[in-house]
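Single-structure report; data block below.
What follows is the structure, given as structure tokens:
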């Protein structure tokens with residue numbers, strides 16, 4: 055049967071208090087840092103290097119370039135197919 059040691063209980067209470075105080079201090083520091091970041095962001099807003107309109111324009115231009123490339127490839131394919139069919143037809147005649 056385990057023996058009861060009252061001095062150990064006081065030691066455990068102190069350890070528990072130290073852990074709780076440490077956790078509270080860490081949470082407090084994180085909250086202060088959060089407040090600092092919030093105030094700093096309100097004081098000096100972040101300037102974006104590109105606006106939403108510019109980004110949309112770039113996306114549109116990239117999409118158009120991709121579309122143009124696919125259209126040019128399709129036209130080359132159709133031209134090649136027409137040439138092949140025309141050559142085959144003239145051979146048969």
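Residue numbers (our numbering): 55 to 147. Note that beta-carbon positions come from the ideal geometry of N, C-alpha and C, so glycine has one too.
In whole angstroms, what is the alpha-carbon distance linking residue i and residue j?
i	j	result
residue 81	residue 121	53 Å
residue 86	residue 72	21 Å
residue 132	residue 123	14 Å
residue 78	residue 70	12 Å
residue 138	residue 115	34 Å
residue 83	residue 66	26 Å
residue 130	residue 111	28 Å
Complete runs of the beta strand (DSSP E) confined to the stretch 75-131 [at least 3 residues]: none
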